[in-house]
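**Student:** Be aware that the sequence shown starts at 1, since it is given in the UniProt record's numbering, and climbs by one per residue. We treat Cβ as the ideally placed atom computed from N, Cα and C, and that holds for glycine. Nothing here was measured: the structure is a model prediction, and the numbers come from that model.
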Amino acid sequence: MALTLLANNNAKSVLAAGISASATVITVGTGTGDLFPSPVSGVSYFKLTVTDAATKTISEIMHVTSVSGDVMTVIRGQEGTTPRVWSTNDIVANMMTAGAFKSCLQIDNNLSEIKEAGQESVAEARVNLGIPDISAQPGDIKYTARSTAPSGWLKANGEAVSRTIYAALFEAIGTTFGIGDGSTTFNLPDLRGEFIRGWDDGRGIDSGRGFGSAQPATSLSPYVGAVNGELIVGQADVDGEGPYQNQYLKYALTTGTTQGVQFYTVRPRNIALLACIKY
């Protein structure tokens, strides 16, 4: 989460005691701590510029993350400055810096600063604005009218891919579609040449199937009943689910030379598109 940058006008003091180059706690002049902002650790901070009292040419920028009275907790050497040894009465001030300007939204940047701050900042901004997240999430499936996967997506072709490079996708789908090499990779779903069916999930319409499982095609018998008077006794259908009842009568749907699996299966009209998965 991006921290909130605080600032106060005319917040200026001096060091009450000298500090080393590695010190992370400083004390300002007695009673002057109240002049400065009051940051909450992990939530907000303010910029503090320390300048040498002798020449006023040497400075260091610090981030102050908490204030208790006149005592401040600081992060040293910010914005390319070098942590230094500072002396009593060196000047400290809450000043505007280049980094402070950079952290502010600029109209011409069209909110790009929020994106650069990371996904947590983007999500927080969406919540603040009441905008729902409609972007694709890892594990989402889509079809595209192109032969290559668009940016941010992979072909859903069963390939074994890295668990670290595609960590968000691995967290979303795990090894549901294959364990890969068992340690460093996992398999994508293979949707090539497949139709998608909603998972039964306990409804009982398509029971007995695990999530992500594949299912073979069912068959259409080449015979219809009650036509020619020739009985079928104990003949199994093509997908092996059981024998026809002997009261049905055999009549071929076609008298041509068509043979093979295509004759027995049902296939609707379709268009081949590329199935992709979001990573």
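Under a Cβ-count criterion, where at least 16 other Cβ atoms within 10 Å of its own Cβ denotes burial, should Thr257 be classed as buried or exposed?
**Tutor:** For Thr257, the pLDDT reaches just 44, beneath the cut-off of 50, and the residue's location in the model is therefore unreliable, leaving the point undetermined.
**Student:** Taking the continuous beta strand (DSSP E) assigned at Glu60, which residues delimit it?
**Tutor:** That run of the beta strand (DSSP E) goes 59–68.
**Student:** How far does the alpha helix (DSSP H) with Lys102 in it reach, from first residue to last?
**Tutor:** Element bounds for Lys102: 98–103.
**Student:** Whose C-alpha, out of Ser162, Ile205, Ala136, Gly208, is nearest the C-alpha of Cys276?
**Tutor:** Cα-wise, what sits closest to Cys276 is Ala136.
**Student:** Pick from Asp181, Leu188, Val50, Gly99: whose alpha carbon is nearest that of Pro138?
**Tutor:** Answer by Cα proximity: Leu188.
**Student:** Leu274: which of Gly180, Lys155, Gly80 sits nearest, CA to CA?
**Tutor:** The option with the nearest alpha carbon to Leu274 is Lys155.
**Student:** What would DSSP say about Gln247, mapped onto helix, strand or coil?
**Tutor:** With a pLDDT of only 44 at Gln247, under 50, the local geometry of the prediction cannot be trusted, and the value read off the model is given with reservation. Coil at Gln247, not helix or strand.
**Student:** Would you kindly work out how many angstroms separate the C-alpha atoms of Met96 and Phe177, rounded to a whole number?
**Tutor:** Met96 and Phe177: Cα-Cα distance of roughly 54 angstroms.
**Student:** When the distance is taken between beta carbons, is Ala16 closer than 8 angstroms to Gly29?
**Tutor:** Contact: yes.
**Student:** Apart from the five residues just before and just after residue 291, which ones in its own chain have a Cβ nearer than 7 angstroms to its Cβ?
**Tutor:** In the structure as shown, the chain begins at 1 and stops at 279. Residue 291 is therefore absent and cannot be evaluated.
**Student:** Between the stretch 164–175 and the stretch 194–207, do three or more beta carbon pairs fall short of 8 angstroms?
**Tutor:** Contact fails: fewer than three Cβ-Cβ distances are below 8 angstroms.
**Student:** Rounded to whole angstroms, what's the CA-CA distance from Ser38 to Val161? Just pull it up for me.
**Tutor:** Straight-line Cα distance between these residues: approximately 48 angstroms.
**Student:** For the candidate residues Pro216, Val64, Leu111, whose alpha-carbon lies nearest to that of Leu48?
**Tutor:** The shortest C-alpha separation from Leu48 is found at Val64.
**Student:** Thinking C-alpha only, which one of Thr88, Ile165, Arg192, Gly198 is nearest Phe186?
**Tutor:** Ranking the options by Cα distance to Phe186, first place goes to Ile165.
**Student:** Just reading off the beta strand (DSSP E) that Asn187 is part of, what are its end residues?
**Tutor:** Looking at the DSSP string, the run of the beta strand (DSSP E) that includes Asn187 is 185–187.
**Student:** Can you tell me whether DSSP reads Phe46 as helix, strand or coil?
**Tutor:** The answer is strand: DSSP assigns Phe46 an E or B state.
**Student:** Tell me which residues share the same chain as Ser147 and place their Cβ nearer than 8 angstroms to its Cβ, disregarding the 5 neighbours each side in the sequence.
**Tutor:** Correct list, in chain order: Leu274.
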